[in-house]
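Using UniProt numbering, the letters of the sequence shown correspond one by one to residues 1 to 245. C-beta atoms are modelled at their ideal positions from N, C-alpha and C, and glycine is treated no differently. Data first, discussion second: the structure below is written as structure tokens.
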Amino acid sequence: MERLQKIIAESGYTSRRKAEELIKNGKVMVNGKKVTELGTKASFGDEILVEGNLIEYQEKVYYMFNKPRGVVTTTKDDKGRKTVLDFFDDEEKRIYPIGRLDYDTTGLLLLTNDGDFANLMMHPKSKIEKSYIAKIKGILDKEDVRTLKEGIKLDNKIIYPDRVKIKKINKKNNTTLINIVLHDGINHEVKRLIEKLGYEVIKLKRESFGFLMLGSLKSGEKRKLSIKDVKRLISLAKGNYEQHK
Numbered sequence: 001m002e003r004l005q006k007i008i009a010e011s012g013y014t015s016r017r018k019a020e021e022l023i024k025n026g027k028v029m030v031n032g033k034k035v036t037e038l039g040t041k042a043s044f045g046d047e048i049l050v051e052g053n054l055i056e057y058q059e060k061v062y063y064m065f066n067k068p069r070g071v072v073t074t075t076k077d078d079k080g081r082k083t084v085l086d087f088f089d090d091e092e093k094r095i096y097p098i099g100r101l102d103y104d105t106t107g108l109l110l111l112t113n114d115g116d117f118a119n120l121m122m123h124p125k126s127k128i129e130k131s132y133i134a135k136i137k138g139i140l141d142k143e144d145v146r147t148l149k150e151g152i153k154l155d156n157k158i159i160y161p162d163r164v165k166i167k168k169i170n171k172k173n174n175t176t177l178i179n180i181v182l183h184d185g186i187n188h189e190v191k192r193l194i195e196k197l198g199y200e201v202i203k204l205k206r207e208s209f210g211f212l213m214l215g216s217l218k219s220g221e222k223r224k225l226s227i228k229d230v231k232r233l234i235s236l237a238k239g240n241y242e243q244h245k
């Protein structure tokens, strides 16, 4: 017997946090009875309906995906745009993205049906580093890099990039290519930091998530993570979490 929200999360239907909201809002039924208490326990042998959908056990899967430009980081889109799940087979579509990449941002994205894993990866205290390559309109100088490193305020919080490095300056096209490594996970973080300096991000690509690197994974391609990779990510996130309690 397990807590109901854990069973729902393990089925891949949604995250544990969202499952708790659904339970409190009376959207969950167990063996024909509505359940609203978070302490309720059940098993996969019970008939569990969430928003009218039957919950079944699903094997945990974990993917890394190279998101193309012009693809929405969601499971469905009411505007009819292509989503990240359009690159997965039907039997894989109970998965969902961990975090978000903007419509015009490319690069490494994780997807899973494991709600606990997803929540851990996204938790602010997990502080997993993510490396980005940004093409910026304008020529950044050493003073701009220093300003970034000294911290910039976003959402009432000072953001300190882990690393910032100018990779290439193209004076002819008036552009700068930089590598910036962050661990905060604030929405549109890179673009907003660069805007604070008075510049605009033209292209943005996430190249790594923790120790995971895109490597030879081409745009639109995916690969399953090994159990070793998953355990290593969990260990990394929990280690960081303990340090920042």
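Taking only the alpha-carbon atoms, compute the straight-line gap between residue i and residue j and give it to the nearest angstrom.
| i | j | result |
| --- | --- | --- |
| I234 | K172 | 45 Å |
| V213 | T40 | The amino acid occupying residue 213 in the given sequence is Met; Val does not appear at that position. Each residue's alpha carbon lies about 41 Å from the other. |
| H188 | L101 | 8 Å |
| S131 | G185 | 11 Å |
| R16 | K228 | 24 Å |
| N240 | V164 | 21 Å |
| I159 | V190 | 10 Å |
| T74 | T83 | 6 Å |
| I180 | G107 | 14 Å |
| T175 | I166 | 11 Å |
| F87 | K218 | 13 Å |
| K33 | K27 | 11 Å |
| E207 | S216 | 11 Å |
| P161 | E10 | 34 Å |
| L182 | E129 | 5 Å |
| T105 | V72 | 10 Å |
Taking the beta carbon of residue i as the centre, do at least 16 other beta carbons fall within 10 Å, making it buried, or is it exposed?
| i | result |
| --- | --- |
| P97 | buried |
| L38 | exposed |
| S126 | buried |
| F44 | exposed |
| N25 | exposed |
| R81 | exposed |
| N66 | buried |
| R223 | exposed |
| E47 | exposed |
Is residue i near residue j, with beta carbons less than 8 Å apart?
| i | j | result |
| --- | --- | --- |
| L85 | A42 | no |
| V61 | T112 | yes |
| I194 | I133 | no |
| Y103 | G70 | yes |
| L22 | E51 | yes |
| E95 | G220 | Checking the sequence, you will find Ile at residue 95 rather than Glu. No, the Cβ-Cβ distance between I95 and G220 is not below 8 Å. |
| L197 | D144 | yes |
For residue i, which residues does DSSP report across the bridge?
| i | result |
| --- | --- |
| A9 | According to DSSP, which records beta bridges pairwise, A9 is partnered with nothing at all. |
| V72 | T83 |
| R232 | According to DSSP, R232 bridges with nothing at all. |
| Y63 | L111 and K224 |
Quick check: is the beta carbon of residue i nearer than 8 Å to any beta carbon in chain C?
| i | result |
| --- | --- |
| I202 | In the structure shown, chain C does not exist; there is a single protein chain. |
Legend entry - Start-end ranges of the alpha helix (DSSP H) lying completely within the region 78 to 161, minimum 4 residues: 115 to 122 and 142 to 150
Legend entry - Complete runs of the alpha helix (DSSP H) confined to the UniProt domain "RNA-binding S4" (2 to 59) [at least 4 residues]: 4 to 10 and 16 to 24
Legend entry - In chain order, each beta strand (DSSP E) run of at least 3 residues that lies wholly inside the region 158 to 219: 163 to 170, 175 to 182 and 200 to 209
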